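Per the working numbering, the very first residue in the sequence shown carries number 87; after that it's consecutive. The next block holds one structure in the form of structure tokens; read it before the comments.
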Amino acid sequence: MTEILFKNESYQIIGACIEVHKKLGPGFLESVYSEALELELKKENIPYCREKKLPVYYQDILLKKFFRADFVCFD
87 MTEILFKNES YQIIGACIEV HKKLGPGFLE SVYSEALELE LKKENIPYCR
137 EKKLPVYYQD ILLKKFFRAD FVCFD
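Here it is, written out as structure tokens:
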């Protein structure tokens with residue numbers, strides 16, 4: 087079994103996600119869950135950046151396109 091990196095941080099983030107799911111349940115659009123998760127991250131004092139652009143490399147070459155992560159927590 088693989089060891090979880092940043093175990094405490096991972097548990098905090100997963101806990102926030104579970105809390106959102108418990109309160110909202112299934113069936114909403116992603117934008118609703120994103121807004122709720124942002125509130126939960128703030129409530130739990132989890133540092134985050136929303137809609138962060140990340141570079142993408144293909145065979146060590148930086149692509150013109152980038153990946154936009156919904157959330158990046160703890161840098």
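Idealized CB from N, CA, C, for every residue including glycine. Predicted model only: the values in this text are computed from it and were never measured.
For residue i, report the span of its alpha helix (DSSP H) as first-last.
i, result
"I100", "K93 to L110"
"E121", "E116 to K129"
Just checking my contact of residue i with residue j at CB under 8 Å: how many whole Å lie between their CB atoms?
i, j, result
"I99", "I132", "7 Å"
Going by beta carbon distance, what residues of the same chain come within less than 8 Å of residue i, once the five residues before and after it are set aside?
i, result
"V106", "Y119, A122, L123 and E126"
"F152", "K139, L140, P141 and V142"
Going by C-alpha to C-alpha distance, which of the options sits closest to residue i?
i, options, result
"F157", "P112, K150, R136 and L149", "R136"
"E130", "L149, A102, L115 and S117", "A102"
Return no unless some Cβ of chain C is closer than 8 Å to the Cβ of residue i.
i, result
"D161", "Included in the structure is just one protein chain, with no chain C present."
Over the uninterrupted beta strand (DSSP E) stretch that includes residue i, give me the two end residues.
i, result
"I147", "I147 to C159"
"E137", "Y134 to Y144"
Just to confirm my understanding: we take residue i, look at its own chain, exclude 5 residues before and 5 after, and list those with CB closer than 6 Å. What are they?
i, result
"T88", "none"
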